[in-house]
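Notes to accompany the following structure.
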Amino acid sequence: MISHSQIYRVRAALATHYYADQADDYYSRDGSAATWQGEGARRLGAVGAIDPARFKAMLQGDFGHGITAVQSVRKDAKARAALDLTFGAPKSITLQALIGGDDRLIQANDDAVATALAYVEKHLAMGRRKEGGKSRVEHTGNLIIAKFRHETARPTESAAPDPHLHVHALLMNLTQRADDQWIALSNEQIFQLLRVTDSIYQATLERNVRALGYAVRHEKNHIELAHISRQQIEFFSKRSTGITAELSARGTSRDQAPHALRQGINLAHRQSKGQDMSRTALHQTWKEAAAAIGIQFGQAGPQAQPQHEADQSSPLVAQASLTWAISHLAERESVMPLADLLQHAVRHAGGHTDVTSIQAAIQAQLEAGTLIREAPHYRSTQDTQAAPMTREGWAAEVVRLGGSSHESALQLVDQAIAQGRLLMESPRYATRQAHEAESRILAAEQTGRGTWQAALPAQAIEPGLDTSLTAGQREAVMLITTDADQISGIQGLAGTGKSFALQNAQTVLQQHSRTLVALAPYGNMVRNLRNDGVQANTVASVLAARDKRSFTDRLGPHTVVVIDEAGVVPVRQMDKLLALIQPTGAKVVLLGDTAQTKAIEAGRAFAMMQEHGMKTVLMGDIQRQRSERLRQAVQLAATGQASQSLPLLDQVLTIPDQFGVDEHGHKTRDSSGRYEAIAQAYVSLPEREQASTLVVTGTNASCQAINARIHALRGLEGKGQRFRLLARHDTTRAQRSVARYYTVGDIVVPERDYQCGLKRGERYRVTGMPQHDRITVVPLRPDAADQPPIDIIPRTMSRLSVYHLNESELSVGDQVRITRNDARHDLVNGQLAKVVEVQADRITIAAGNRHITLPADQPLHLDYAYTSTAHSAQGLTCDRVLYNAESFSRTTAQDTYYVSISRERHAVTVFTDNAEKLPEQVDRQGYKGLAHDLMQFYVGSLALQQDDRQPATFLGAISSPEIE
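Take a look at the structure:
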């Protein structure tokens, strides 16, 4: 994969020593370890092997050949000298090449790097220059690239360096524009499409490796050679500085580890100062360690396999790969940036097609009407506050602010585009299918206006209204019972008593021979509704039922269907629900909060319907928080003023992260100090208060880390049993349909019976990928140990769930969460429980008033429940919240912040790494797009009208110096 860093002119001498003087060329002495690439380099006569002296001169700003740098190339010591794109080869390829001795893999990696860099040069090389104080950007198509191949990672303090094949590609801060002037390189496009560049590298490498006869497996976003295991790979990727620490990281100890593993680690640590070893001695140490842990380098067939000509199948492969990428992306987001389409399509193709063919496939789908593209949008290279707009949008602003004619305004805008003062944004796409689904939802709402025949007169329900209803609750009950629109909404802020309003509405309806039923996205929400006396089912169970009449037969004109937490119901499900319910004549009430977390799947159906005029009442009388100060904080967060709410919280504690550098030279971040503080704060509370305290964090990784520390600090470590637990693997349906996206060791759970022998709800472990389109699985039941593997073809199975297998200790007293619906034991996903007994073969939990014993002969769908992500916390209520708000995390945003600080009744404490950066982060709005968003004529005008800029400022952002 690719990492990046900036090289500054002041460090030219050090950089030259690191890159050029220490360039590794141990395994291939053909002069290919340090070479130039790029049309810009060719124009300067920099071809072939790199001369370190000339490389250093370039870093210092001396490019030779009488080049006169214009003002946009800075000459001071702090100026940017180069951008380092570091291409790191997968570790198994490193091992096979450097220890196994297959030099061809080095060439295969070099070729993949060169191909990726050629894409960067052709499509992303841009130059920026200033004229009359104004900046413009020009596509140049030429780069000066210095490539250095290195073959070791940085050594740790106590161990020899690991083998690590990687290439540093230094893109010099100079490029030549069309008028032959040399100007500074603009990195913006390179950064924006770095994921595409990485996909090109990975896909080309996969094609090259397969062509050499190696079988590969896919792990996340990269490949590994199939004959080298994950454990063997991790051995050569040091994460600690001692033998005991390495064994512990592998879940074992000196007493329990296999002899081969212990021997291999001992060999690797034989030298305390690896940097003092000769390369011959280091290579011998690697070989001995590899042999000790059982790597069989001769196991892979080295003979090249015949390959079809890529250009013959490229269009078909491109279309198939693009179709898969669209399916994968469209499941989660309706709006797909071009970079995402290219990244996933290229990576999925595995090197059997190229970016140009993928782009042609996109154009073909646009022409066929299956894809929709938004009108081109342009941003100003001068005015960074101005929102991107279409050509017509910019012209409209010129007319409004400058009084020009429309024709003159368009000419001005076209000139700004041609001269690079307005730069086209990367386009976004949506599927025609998504647009049609959204259109059906909007049409259903609009055609249902005023059509509900069973609406009650307002005066008839007055006697049934609870006198303690707030104004917002009262409006909600009135909407449910008296409004004639068949589809309407209730925007209920967090903590406004939605459940109480719903119960009162049900009472009123029953008094008038009407029925209320509810649907909710998650099982724990359904459980809460049922506890309130409301008939409820999950949305998924209704839509997945083979006989949907069992649900619709209960509906009719005298029924109200409430869809709870409607904000997390995606467009796909909302479309199907309305199509199912509307013909019955039942009234549909969407109850939710558009400011809270959005649907995991694509679209914002509830918000879209409000935006298009659905009748909606507001429940804004917050009651959950007991203090006025916290109520005000939640109110601010709910109305888009999150940063203003921070000073009103009980505490905002700053515990900075620790930074370091790993063995590959990449910057590392250690948040364990903050996690420890959160865990300490939790366990310092009395036990009865711990039970009503919720820890909220952004990521699953931080959730697991904090959970583990709380378990230990509660004194439960070493007092229980270790159980195998299952954590859902976050995959899309598109990924689950393709064998390559499975990994040996994954746990597959069918959601229905299949003819191949898979049984609904059974657990199966993936054991291999015998062919490109299939995987083999074996049952995990103890009585099925001798059963032969089952071959399955994932693309023929639409209902598979995939899990990762983890091992954790559970002790008496641990708070746990159910992670999958279990009809047999009447447990629902998200339900909380407490461990009351543990044995080696079973565990007993208390859920409500029941004790349930679960056998441990198979992995359990359980997890610690001390900490939740914001998505899991939505709908929960507690007395106290401890919130881990990371200023650097994409999971910290306006909606997750609002959910996190609105769960508590009495107190909320925020733990952050950087209190100064946090306000900006919590004000950040996550975008959940719609296909309809792309059909807008232009955007940005409103934002411009609301700011303080003068017309001259705006017009100056697009006009040339001559026009001024």
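Following UniProt numbering, the numbering of the sequence shown begins with 1 at its first residue and continues without gaps.
For every residue, glycine included, the Cβ atom is placed at its ideal position computed from N, Cα and C.
Note that this is a predicted model, so its numbers are computed, not measured.
Within the same chain, V802 come within 6 Å of T731 by CB-CB distance, once the 5 residues on both sides are set aside. The DSSP-derived three-state label of I818 is strand. Proximity to S5 across I228, F87, Q510 peaks at F87, based on C-alpha coordinates. Fewer than three Cβ pairs drawn from the stretch 737-746 and the stretch 887-905 lie within less than 8 Å of each other, which leaves the two stretches out of contact. Straight-line spacing of the CA atoms in L456 and Q363 works out to 54 Å. G350 sits buried, since 16 or more C-beta atoms from the chains shown fall within 10 Å of its C-beta.
As a beta-bridge residue in DSSP terms, I490 pairs with L591, V617. Between A289 and the set A178, G403, R604, P161, the nearest pair of CA atoms involves P161. In the three-state reduction of the DSSP assignment, I183 falls in the strand class, which pools E and B.
Contact annotation, A520 with V539: C-beta distance approximately 7 Å; criterion of less than 8 Å satisfied. Given a length threshold of 3 residues, each whole run of the beta strand (DSSP E) inside the stretch 732-800 is given here in chain order: 747-750, 764-771, 774-779, 790-792.
Collapsing the DSSP output to three states places F911 in a strand. For R714, same chain residues with a beta-carbon under 6 Å away, outside a window of 5 residues either side, are V683 in chain order. For V137, the pairing in a beta bridge is given by DSSP as R128.
With fewer than 16 other beta carbons inside 10 angstroms of its own, M935 counts as exposed. Taking a contact to require three or more Cβ pairs closer than 8 Å, the stretch 376-387 and the stretch 217-234 do not qualify as touching.
Nearest C-alpha to T668 among F888, A395, A97, L174: F888.
Around the beta carbon of T280, fewer than 16 other beta carbons sit within 10 angstroms, so the residue counts as exposed.
Per the DSSP secondary-structure output, Y864 pairs in a beta bridge with V816. The beta strand (DSSP E) runs of length 3 or more contained entirely in the stretch 645-723 are, from start to end of the chain, 651-654, 658-661, 667-670, 693-697.
Taking C-beta atoms as the reference points, A471 and I490 fail to come closer than 8 Å. Between Y898 and Q596, the gap from beta carbon to beta carbon is short of 8 Å. Between H861 and the set V835, L725, T697, the nearest pair of CA atoms involves L725.
Taking 8 Å as the cut-off, the Cβ atoms of G556 and G585 count as close. Taking the Cβ atoms as the reference, T552 lies roughly 6 Å from L580, within the contact range of under 8 Å. Burial is judged here by how many other beta carbons sit within 10 angstroms of a residue's own beta carbon; C703 has at least 16 and is buried. Separation of the CB atoms of A20 and F55 is rounded to 5 Å, and the pair is thereby assigned contact status at 8 Å. Under the three-state reduction of DSSP, A460 is assigned to helix. Of the other Cβ atoms in all chains shown, fewer than 16 fall within 10 Å of the Cβ of H825; this residue is therefore exposed. Judged by beta-carbon spacing, V196 lies beyond the 8 Å limit of A325, meaning their Cβ atoms are not closer than that value. Taking the Cβ atoms as the reference, V828 lies roughly 5 Å from R527, within the contact range of under 8 Å. CA-CA distance, E425 to S186, rounds to 15 Å. In chain order, L810, A856, L860 place their CB closer than 6 Å to the CB of F723, counting only its own chain and leaving out the 5 sequence neighbours on each side. Minimum Cα-Cα distance from I600 among the listed residues P583, Q573, M608 corresponds to Q573. Sequence-distant Cβ neighbours of Q192 in its own chain, meaning closer than 7 Å and more than five residues away, are A339, S426.
The stretch 352-372 and the stretch 410-424 do not touch, with fewer than 3 CB-CB distances between them shorter than 8 Å.
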